[in-house]
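2 protein chains.
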Amino acid sequence: MPQRVRISLDAMGGDHGPSTVVPGAAIARERHPETTFLIFGDEAVVAPLVAAEPRLKGAVEIRHTTYAVAMDDKPSQAVRQGRGKSSMWKAIQAVKDGEADAAVSAGNTGALMAMSKICLKTMAGIERPAIACLWPTVRGESVVLDVGATIGTDAEHLIEMAVMGSAMARIVFDLERPTVGLLNVGTEEMKGNEAVKEAARLLREIDLPNFAYHGFVEGNDLGRGTVDVVVTEGFTGNIALKTAEGTAKQIGTYLRSAMTRTLSAKIGALFARQAFRALREKMNPSRANGGVFLGLEGIVIKSHGSENAQGFAAAVDLAHDMARHDLMRTIREMLDQTPTLAPA
Amino acid sequence: MPQRVRISLDAMGGDHGPSTVVPGAAIARERHPETTFLIFGDEAVVAPLVAAEPRLKGAVEIRHTTYAVAMDDKPSQAVRQGRGKSSMWKAIQAVKDGEADAAVSAGNTGALMAMSKICLKTMAGIERPAIACLWPTVRGESVVLDVGATIGTDAEHLIEMAVMGSAMARIVFDLERPTVGLLNVGTEEMKGNEAVKEAARLLREIDLPNFAYHGFVEGNDLGRGTVDVVVTEGFTGNIALKTAEGTAKQIGTYLRSAMTRTLSAKIGALFARQAFRALREKMNPSRANGGVFLGLEGIVIKSHGSENAQGFAAAVDLAHDMARHDLMRTIREMLDQTPTLAPA
Numbered sequence: 463m464p465q466r467v468r469i470s471l472d473a474m475g476g477d478h479g480p481s482t483v484v485p486g487a488a489i490a491r492e493r494h495p496e497t498t499f500l501i502f503g504d505e506a507v508v509a510p511l512v513a514a515e516p517r518l519k520g521a522v523e524i525r526h527t528t529y530a531v532a533m534d535d536k537p538s539q540a541v542r543q544g545r546g547k548s549s550m551w552k553a554i555q556a557v558k559d560g561e562a563d564a565a566v567s568a569g570n571t572g573a574l575m576a577m578s579k580i581c582l583k584t585m586a587g588i589e590r591p592a593i594a595c596l597w598p599t600v601r602g603e604s605v606v607l608d609v610g611a612t613i614g615t616d617a618e619h620l621i622e623m624a625v626m627g628s629a630m631a632r633i634v635f636d637l638e639r640p641t642v643g644l645l646n647v648g649t650e651e652m653k654g655n656e657a658v659k660e661a662a663r664l665l666r667e668i669d670l671p672n673f674a675y676h677g678f679v680e681g682n683d684l685g686r687g688t689v690d691v692v693v694t695e696g697f698t699g700n701i702a703l704k705t706a707e708g709t710a711k712q713i714g715t716y717l718r719s720a721m722t723r724t725l726s727a728k729i730g731a732l733f734a735r736q737a738f739r740a741l742r743e744k745m746n747p748s749r750a751n752g753g754v755f756l757g758l759e760g761i762v763i764k765s766h767g768s769e770n771a772q773g774f775a776a777a778v779d780l781a782h783d784m785a786r787h788d789l790m791r792t793i794r795e796m797l798d799q800t801p802t803l804a805p806a
Numbered sequence: 463m464p465q466r467v468r469i470s471l472d473a474m475g476g477d478h479g480p481s482t483v484v485p486g487a488a489i490a491r492e493r494h495p496e497t498t499f500l501i502f503g504d505e506a507v508v509a510p511l512v513a514a515e516p517r518l519k520g521a522v523e524i525r526h527t528t529y530a531v532a533m534d535d536k537p538s539q540a541v542r543q544g545r546g547k548s549s550m551w552k553a554i555q556a557v558k559d560g561e562a563d564a565a566v567s568a569g570n571t572g573a574l575m576a577m578s579k580i581c582l583k584t585m586a587g588i589e590r591p592a593i594a595c596l597w598p599t600v601r602g603e604s605v606v607l608d609v610g611a612t613i614g615t616d617a618e619h620l621i622e623m624a625v626m627g628s629a630m631a632r633i634v635f636d637l638e639r640p641t642v643g644l645l646n647v648g649t650e651e652m653k654g655n656e657a658v659k660e661a662a663r664l665l666r667e668i669d670l671p672n673f674a675y676h677g678f679v680e681g682n683d684l685g686r687g688t689v690d691v692v693v694t695e696g697f698t699g700n701i702a703l704k705t706a707e708g709t710a711k712q713i714g715t716y717l718r719s720a721m722t723r724t725l726s727a728k729i730g731a732l733f734a735r736q737a738f739r740a741l742r743e744k745m746n747p748s749r750a751n752g753g754v755f756l757g758l759e760g761i762v763i764k765s766h767g768s769e770n771a772q773g774f775a776a777a778v779d780l781a782h783d784m785a786r787h788d789l790m791r792t793i794r795e796m797l798d799q800t801p802t803l804a805p806a
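Heads up: the sequence lines are chains A and B, in that order.
All letters in the first sequence, in the order written, are residues 463 to 806 by the numbering used here.
All letters in the second sequence, in the order written, are residues 463 to 806 by the numbering used here.
Structure representation (structure tokens):
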């Protein structure tokens, strides 16, 4: 476990760029004072922001870059134009070169994944990388993957994700043997597509020491926290994630409207304002911000492009935890313990 | 438009059977007094319940059945054992025989779909039936399909669903030209799997008179009500639906807990009790209960198995509306206007 955690930051990513990234890093460093940052971006913008943050004193090295990947660049275009020189590429390269333990970017997801694959390479034994997030549940949090790295899946890919997601859950939740569920349209054996049915059969058979296969889970098990790790294909996972975010917003709208409709409701809202504040904090998506790229030869964290400094800090926290508790080694060890899965 | 609407009911379906089905029918009939019911089930149980409901007086014919499909029967098993004699089969058969304009069952979804396909047959021009639901949004409601009839899709199937979902939206929302979106992981043209990309290309090209193709929508557009009809593959649609239901429950749990934690919050909740009641009613899944089977030669509605009488009544309302406004004719007309879609 490295005592110091060195995090490289793409300062130019996201809707707000350095004005969010630098204060976000400062907030995270207050929680983890052993962190240092290597910040890639336009020095003329970044340096004054860093100088204005006493919490970052002595903990930052700025590397000037002149090219930034745009939020709407196609991944292929971003790679062609930004390879080797963009702030995003250089933040990833720092991980490859051993100058940083993890990279964080709020930039274009597709570009970040494409560059990470080219620069860091996929881990031996992993077919395709995945993006994992922390999903808030009534019991705490679960790891959910894939929420958008890939489209389409097969049984082996689902099992790889079960292994990688469990490695992340062991670190984040400090669990010896996290429980793993496959997201499906029902819990009976015959339900679902071929990929989940085959993956379920294999997971029941192999019975690994590092996680416990629970069985199928459904969409409503996500918020319940039925299992520690939920595995699904990226198309469905991304839609489930955004559906949950949308539903939370929708209910927030209903609640605000209900609480302002009558005088009595307004008085009630006044008495309950502390309670509403706690609720708002609980439902704040910034708290759980950060997608962990799993399956690469290095740690890369994606922050939401629209997050504020608090949200970016949550993504930096995640990078810190993954690096400090050596996610890479945990995944490698778990992969070594997984028998080769020949398709039936 | 038929003046009288005749609905056949499977009294033995769902977790509560006739004790929910009969009062549910009574509640719906109060709203639509022109409705009559043909109820299939155990006469010894059904008859006293009907006799106890003044709102059903003179509007019910009971047909005794001795076999009920179990909630956990496999569809193939249910068909083998229940064909021709179960209350579920007979309710569907009544539609086929012209004795009823629509059938409603709270029974086993897989069995209900399998029996409906065998008994009623799939419509000419439709590859596979779908299940559509009404999704509550901040703007009202949207039609969302498929929420669980099929697994996997292709471009033609998605376009069939766009046509059928629009027919349903025309009736339920009384719209001339509903807007239709394809559920995807992003709104850019290059996003998604081959099926949605190809369907999008075709929908942009054909430009039908009866609905307006909006483009891709994402998971968070569901609660926003961005479009009147959201089309997706059944695996993803089912998971999105259950994820939204789960998220709503989760937030309800947070809210209850926040409102009971301190004295001040409790006082606030007391003042706001009317507002909370309105909110609870708004979030009540029973209000939007009922899955419409689209693409069959007849109208079949699935009620949630765990619904109470109010929920079952909502499903009966849906059956009433679909029959009264002639869903079958609307779908047929719209299919006739859709050029044959040869894959590119």
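We put the beta carbon where it would ideally sit given N, CA and C, even for glycine.
Does the Cβ-Cβ distance between residue i and residue j come in under 9 Å?
i                 : j                 : result
Ile763 of chain B : Gly752 of chain B : yes
Met623 of chain A : Asp608 of chain A : yes
Leu471 of chain A : Gly503 of chain A : yes
Met652 of chain A : Lys704 of chain B : no
Glu515 of chain B : Pro485 of chain B : yes
Asp683 of chain B : Gly654 of chain B : no
Val600 of chain B : Thr715 of chain A : yes
Phe733 of chain A : Ser719 of chain B : no
Phe678 of chain A : Glu650 of chain A : yes
Ala556 of chain B : Leu500 of chain B : yes
Thr584 of chain A : Glu769 of chain A : no
Ser765 of chain A : Val507 of chain A : no
Taking the alpha-carbon positions, what's the residue i to residue j distance?
i                 : j                 : result
Thr497 of chain B : Ala771 of chain B : 17 Å
Glu505 of chain A : Met474 of chain A : 11 Å
Val467 of chain A : Asp563 of chain A : 6 Å
Ser538 of chain A : Asp616 of chain A : 25 Å
His782 of chain A : Gly699 of chain A : 25 Å
Ala706 of chain B : Val605 of chain B : 15 Å
Ser628 of chain A : Asp669 of chain A : 13 Å
Tyr675 of chain A : Val692 of chain A : 10 Å
Ala487 of chain A : Gly730 of chain A : 38 Å
Pro671 of chain A : Met550 of chain B : 46 Å
His478 of chain A : Ser748 of chain A : 15 Å
Gly602 of chain A : Ala740 of chain A : 15 Å
Cys581 of chain A : Gly476 of chain B : 55 Å
Arg491 of chain A : Glu618 of chain B : 53 Å
Gln736 of chain A : Arg742 of chain B : 21 Å
His787 of chain A : Gly569 of chain B : 50 Å
Ile469 of chain B : Lys552 of chain B : 12 Å
Pro801 of chain A : Ala657 of chain A : 19 Å
Gly614 of chain B : Leu664 of chain B : 19 Å
Ala540 of chain B : Ala532 of chain B : 8 Å
Check the C-beta distance from residue i over to residue j and give it rounded, since I have them as a contact under 8 Å.
i                 : j                 : result
Gly681 of chain B : Ile701 of chain A : 4 Å
Gly696 of chain B : Gly610 of chain B : 5 Å
Ile633 of chain A : Thr528 of chain A : In fact, because the Cβ distance is near 36 Å, the residues do not count as touching under 8 Å.
Pro591 of chain A : Met575 of chain A : 7 Å
Taking residue i as the reference, which of the options has the closest Cα?
i                 : options                                   : result
Ile713 of chain B : A:Lys728, A:Val531, A:Phe738 and A:Thr694 : A:Phe738
Val483 of chain B : B:Val754, B:Arg794, B:Pro516 and B:Ala777 : B:Ala777
Leu789 of chain B : B:Val689, B:Thr612, B:Met630 and B:Gly476 : B:Met630
Ile588 of chain B : B:Ser548, B:Met626 and B:Ser578           : B:Met626
Gly767 of chain B : B:Ala785, B:Gly572, B:Glu650 and B:Cys581 : B:Gly572
Gln543 of chain A : A:Ile554, A:Ala530 and A:Ala553           : A:Ala530
Arg686 of chain B : B:Ala586, B:Gly479 and B:Pro598           : B:Pro598
Ala662 of chain A : A:Arg735, A:Ile621 and A:Met796           : A:Ile621
Lys744 of chain B : B:Gly760, B:Ile761, B:Lys711 and B:Phe755 : B:Lys711
Ala594 of chain A : A:Ile501, A:Met784, A:Ala657 and A:Arg517 : A:Met784
Thr612 of chain A : A:Ala775, A:Lys659, A:Glu769 and A:Phe755 : A:Phe755
Met796 of chain A : A:Glu638, A:Val507, A:His494 and A:Phe678 : A:Glu638
Lys558 of chain A : A:Ile761, A:Leu780 and A:Glu769           : A:Ile761
Asn646 of chain B : B:Glu660, B:Thr694 and B:Glu667           : B:Thr694
Asp690 of chain B : B:Pro640, B:Arg525 and B:Arg666           : B:Pro640
Output the residue ranges of the alpha helix (DSSP H) runs that lie fully inside the stretch 493-531 of chain A and measure 4 residues or longer, sorted by chain position. Unbroken alpha helix (DSSP H) stretches of 4 residues or longer found wholly inside the stretch 493-531 of chain A: 505-513, given in chain order.
Entirely enclosed beta strand (DSSP E) segments - the stretch 721-781 of chain A, minimum 3 residues: List check, beta strand (DSSP E) in window: 753-756 and 762-764.
Segments assigned beta strand (DSSP E), at least 3 residues, entirely inside the stretch 600-670 of chain B: With a minimum length of 3 residues, the continuous beta strand (DSSP E) runs that stay inside the stretch 600-670 of chain B are 602-607 and 641-645.
Secondary structure, alpha helix (DSSP H): runs of 4+ residues fully inside the stretch 463-487 of chain A: If we require 4 residues or more, the stretch 463-487 of chain A turns out to have no alpha helix (DSSP H) run fully inside it.
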